[in-house]
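Throughout, this note's numbering is defined as the position within the sequence shown, counted from one, plus 27.
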Amino acid sequence: MKEIKAYIRGERAAAVQAALAEAGISRLTLSHVMAVGDKGDVDQSKASIEFGCYVNRRVRVEVICLDKDEARTVELVRKAASTGQPGDGIITVANVNRLINIRSAAESAEAL
């Protein structure tokens, strides 16, 4: 299994969620995050007193999928999140060694 994380523009979150839902992927996590770096959107950077630097507000999208669905899921997220402008974000993919459903104790694919 794979864990796919995408750090995207907040205004693209609904489009990403819709693209995934249309493909039958309905379980995901959306979180607000603050991004720091020289590749962000300078027009949207805000000075943060809390962090002492300039930050860009982003949304982190997290999806866990089967290995066979990785490429399709990544491409769905990439296309839906893209505006063609600098600061569109990044996608990471990591292996999931074990997945357990808390309520049922099901593991692996059955836990999804």
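Glycine included, every Cβ here is placed at the ideal spot set by N, Cα and C.
Being a predicted model, the structure only gives us computed values, none of them experimental.
- DSSP places Thr-110 outside both helix and strand once states are collapsed to three, so it counts as coil.
- In terms of CA proximity to Asn-128, Glu-137 leads the group Glu-137, Val-120, Ala-121, Gly-114.
- CA-to-CA, the gap between Arg-85 and Glu-134 works out to about 31 angstroms.
- In the DSSP annotation of this structure, Val-43 is not part of any beta strand (DSSP E); the continuous alpha helix (DSSP H) holding it starts and ends at 40-49.
- Relative to Asn-83, the option among Leu-47, Val-63, Leu-126 whose CA is nearest is Val-63.
- Boundaries of the beta strand (DSSP E) around Glu-30: 29-36.
- Contact between Ser-58 and Arg-99 does not hold, since their C-beta atoms are separated by about 23 angstroms, which reaches or exceeds 8 angstroms.
- Taking the Cα of Ala-108 as reference, the smallest distance to any Cα among Thr-119, Ile-35, Lys-29, Leu-47 is reached at Ile-35.
- Here Arg-105 carries a helix assignment [DSSP, helix/strand/coil].
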